[in-house]
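Going by our numbering, the sequence shown opens with residue 5, and the numbers climb by one from there.
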Amino acid sequence: MKQVNIIYSMLCRDFHDRVVKDMKKYLDIRHAVAITEMYKGEISIFDAAFECGDVYRGFYHKFKEYETCPPVDDRLIDLMKPYDMEILKMMDRHQSWKWKFEDRMQVYYEHIRFWSYILDLYEISHAVFMNVPHEVFDYVIYCLCKIKGIKTHVFFQVSVFWGRSVITSDFHLEHLRFREYYNEFMKKENIAFSEEVLEKYKSFYDAGKEKNGNKGKRWWTGATSAKNNKYMAYMDTREFLETRLADKTDKALRTRITDSHWAGILCRLYYIKNKRKTDKLWNYYESIAEKPVEGEKYIYYALHYQPEATSCPEGGGIYANQLIPIRILSFCLPKGYKLYIKEHPAQTHVGKHKSLYDRIKRLKNVRLITGDADSYALLKGAAATATLTGTVAIESVTSEIPCITFGNFYYNQLEGVYHVRTCQECKEALEHIISANNNIDQEKVKCFFQAIYEYSESINVGYGNYDELENAKKMAVLLSRTIG
């Protein structure tokens, strides 16, 4: 039996406890470290467990390991430089905590310092991420593992089929791995389509044919502005209780307050505060947005909800700053065309600023489109769409509309998708789209659906309805097989 030392991030689902325990049946786990969030599992099985409430804010002084943790130096900071901009952008999720740039930098350095030490202290050989690392600290751990040669195993959701995932060693390069698989897959003489694949394809294709649209079975429809504000209110409440009261009360009193109805009242007050800020941002957006112009030729870019993994880190480096791909599209747009941009309906005040809309508005061939405009109607009226990694790519090609993608994602293999990373590539893609007859072969689109289905495993990382016992068993077996 192979002997390994594992760090787990993030253990936050009830079934994760069973996953960790089942893995011990297949692996000789000498050291185990975990980052947890409201975890109900057995903590005693780990050499060390770190609650993410403290980890988010870089409160590592609360942990005994911090006492012997050496400070960061120039060598380690220099090795992390390729990831700096992405990590600092990820910290937008802490925007409501009003961190200044100096605060972000100091917390970033603390993340590097602490986790570099933990990885060395427990001689970690494998890092398991239950989702794509995007909560800042987990991405720092991921990057440190790459630097130190520690093997990483990331559960990566397939955002076409609910409840299917892959385990990847490098999610930044996973699209290249899938490309190789897809190219071999397409060499088959006969491709059999499963019932689930045909049903999923049909849901997208039929949505594109609907007169009023908005009927596609998207892989994730749970995010709303209200839900996001509720989550932020919960995080703000924790930040207040655990940070601002830390120097004024002892831990026992803080625990009593946290478990009392007063915490619920405080959470409600934060929700009202966040909702007002979100409403204020949306009111400003609507005040400068426009209705679509009938008969106008345009490319449609649907803004990503931020902060979220789909743009950072999956968007691919600098493109997490959506103003950059927007400027590239605007610069490369042929004469006679406009760039239509519409905000994500679930967007809150965290992750976006009025200044973003102002900068977009200043681009002469760009229109910000009002929130009440029908997204499917915009898509179907466009010469093409553009996105980082959004499902708009699938919605487009199944509606026989070409799509430009900037991110490194599975969708880049879709028939009708043009993957670009530079101004020149974008210009060439737009020229080809405008001049060519874009007949998108729907049989090839269906082949993509079947390929991604067969490429992935029937494993749910923790969303929707699923059998926890069976899911945990599958996850443990797959992880152990990958590690072993």
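Beta carbons are placed, not taken as given, at the ideal position from N, Cα and C, and that holds for glycine.
Setting aside the 5 residues that flank it on each side, Y238 is surrounded in the same chain by C271, each with a C-beta closer than 7 Å to its C-beta; the list follows chain order. For the stretch 426 to 457, the full-length alpha helix (DSSP H) segments reaching 4 residues or more read 427 to 439 along the chain.
Within the DSSP secondary-structure output, Q326 pairs in no beta bridge. Using a Cβ distance threshold of 7 Å, Q161 and V396 do not count as a contacting pair. Looking at the backbone, the Cα of I39 and that of E139 are separated by about 12 Å. Beta-bridge partners of R371 (DSSP): Y344.
For V132, the enclosing beta strand (DSSP E) starts and ends at H130 to F133.
The way I'd put it, the stretch 149 to 166 doesn't touch the stretch 100 to 110; fewer than three beta-carbon pairs between them come closer than 8 Å. For Q351, the secondary structure class from DSSP, reduced to helix, strand or coil, is coil.
Under DSSP, F159 forms a beta bridge with I171. The beta carbons of V421 and C430 sit no closer together than 7 Å.
In this model, H130 and N441 are separated by some 49 Å (Cα to Cα). The beta carbon of G320 lies closer than 6 Å to those of G411 and N412 in the same chain, with the five residues before and after it left out. In the structure shown, F67 falls within a coil segment according to DSSP collapsed to helix, strand and coil. Assignment of E312 by DSSP, reduced to helix, strand and coil, places it in the coil class. In the structure shown, the three-state DSSP call for V8 is strand.
Along the length of the stretch 86 to 154, whole alpha helix (DSSP H) runs at least 4 residues long occupy 88 to 94, 105 to 125 and 141 to 152, reported in chain order. For the pair K28 and G468, the Cα-to-Cα distance works out to about 27 Å. Residue burial is scored here from C-beta neighbours: D96 has at least 16 other C-beta atoms within 10 angstroms and is therefore classed as buried.
Contact between L123 and I171 fails: their C-beta atoms lie close to 20 Å from each other, not under 8 Å.
Spatial neighbours of V59 in its own chain (CB-CB distance under 7 Å, excluding positions within 5 residues in sequence) are listed in chain order as I39 and F141. In this structure, DSSP gives H35 an extended state, which the three-state scheme calls strand. Per DSSP, Y30 lies in no alpha helix (DSSP H) and is assigned neither H nor E.
Only exposed fits P74, as fewer than 16 other CB atoms lie within 10 angstroms of its CB. In this chain, K339 is not harboured by any beta strand (DSSP E), its DSSP state being neither H nor E. The beta-bridge partner set that DSSP reports for S264 is empty. The C-beta of E178 has 16 or more other C-beta atoms within 10 Å across all chains shown, which makes the residue buried. In the three-state reduction of the DSSP assignment, I408 falls in the strand class, which pools E and B.
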